[in-house]
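This note's numbering applies: residue 106 is where the sequence shown begins, and numbers increase by one.
Structure, as C-alpha cells:
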Amino acid sequence: GRAYGVFVQDSLAYVADELGGLQIFRVTDPAHPGLAGSYNTPDLAYDVFVRDSLVYVADYDKGLQIVNVSDPAHPDWVGSYDTPSYAEGVFIQDNLAYVADCWSGLQIIRVSDPEHPGLVGTYSTPGRALGVFVQDSLAYVADYDRGLQIINVADPTDPDSVGSYNTPGSAYGVFVRDSLAYVADYDSGLQIIKVKDPAHPSLVGTYDTPGHAYRVFIKDSLAYVADD
106 GRAYGVFVQD SLAYVADELG GLQIFRVTDP AHPGLAGSYN TPDLAYDVFV
156 RDSLVYVADY DKGLQIVNVS DPAHPDWVGS YDTPSYAEGV FIQDNLAYVA
206 DCWSGLQIIR VSDPEHPGLV GTYSTPGRAL GVFVQDSLAY VADYDRGLQI
256 INVADPTDPD SVGSYNTPGS AYGVFVRDSL AYVADYDSGL QIIKVKDPAH
306 PSLVGTYDTP GHAYRVFIKD SLAYVADD
C-alpha cells in the first residue's frame, strides 16, 4: 500500500501501510530488509506505535486496532476500540493510548486490558487532530489548520487546554524533546516551537522543506522529516 507511519523496535520495523495494513520488516541488515510478517487491518492503517509485544494501529474509520506480534510471522488480533471519527495518529504512555482522531480531537483509551480497551476521556480540538506526542502530563496534538494544541492530561478523564500555537501551514505531525516541539507543518515545512512555558509557546525557528512535511522524528541534533 502506501507507507504512512513507521515504528522500529529491536530489529523489526513496523509500517502502517494504508490499504496494506500492518507490514513487519526485519532490519537486522538495514541494507537488505526483508518481510517478517503482516496483518491486514480492517481499514486504512495510518500510524503505528509498538510497546513490548503489542502493536497499536491508528486504523482510520476502524479506530484503534491492537495486534499481538510476539510471533511476528503470525501476528494476531487482540482487541480494538472504534473511535468516533478517523484515527490518524497514536501514542502510548503507561496504560493509555492517545489517539489523534481527526474531527473528534484527542481520544484517550485505557489499554491495560488490551482485549477490552475502554474510553477514559476526550478533548475536542478546534481543528483536525492528525498527530499526537505525549510527554509527562502533556499531550501535543498536530491539529491541521489550527496548528499545535497543548493539552493537560494529568487527569485523563478530564483533559483541558494549556496553550496553543497557530502554525502558518497545516500541522500533520509533531515530535517533542526537552522543551521544544518540532511540527511537520505541510507546506510550511518544519516549525520549531519552544514549549518550556506551555501556556505561552513561541516560535524558535523554521526550515522550509522542498515538499509537504507530514511527519518528523528527532535523533541527537538532526530532524528527519517525511516530506511528501
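The beta carbon of each residue, even a glycine, is placed where N, CA and C say it ideally should be.
Predicted model only: the values in this text are computed from it and were never measured.
- Remark: C-beta atoms of Ala141 and Pro177 approach each other more closely than 9 Å.
- In this structure, Asp248 places its C-beta atom within 9 Å of the C-beta atom of Thr230.
- Setting aside the 5 residues that flank it on each side, Pro180 is surrounded in the same chain by Leu127, Ile129, Gly142, Ser143, Tyr144, Val160, Val172, Asn173 and Val174, each with a C-beta closer than 8 Å to its C-beta; the list follows chain order.
- Inside the region 220-274, DSSP marks whole beta strand (DSSP E) runs of 3 or more residues at positions 223-228, 236-240, 243-247, 253-257 and 265-270, from first to last along the chain.
- If the five residues before and after Val132 are omitted, its C-beta is found closer than 8 Å to the C-beta atoms of Val113, Ser116, Leu117, Ala118 and Pro138, all from its own chain and listed in chain order.
- The C-beta separation of Ile256 from Pro264 comes to about 5 Å, placing the pair in contact by the 8 Å criterion.
- For Ala141, the enclosing beta strand (DSSP E) stretches over residues Gly139 to Tyr144.
- In this structure Phe196 is not in contact with Val258, their Cβ atoms being roughly 11 Å apart against a cut-off of 8 Å.
- Membership of Leu124 in any beta strand (DSSP E) is not indicated, and neither H nor E is assigned to it by DSSP.
- Per DSSP, Ala136 lies in no beta strand (DSSP E) segment and is marked neither H nor E.
- Val321 is a Cβ neighbour of Ala289, given a cutoff of 9 Å.
- In the structure shown, Leu149 falls within a coil segment according to DSSP collapsed to helix, strand and coil.
- By a beta-carbon distance limit of 8 Å, Gly268 contacts Ala304. Their separation comes to about 4 Å.
- C-alpha of Pro147 to C-alpha of Gln170: approximately 9 Å in a straight line.
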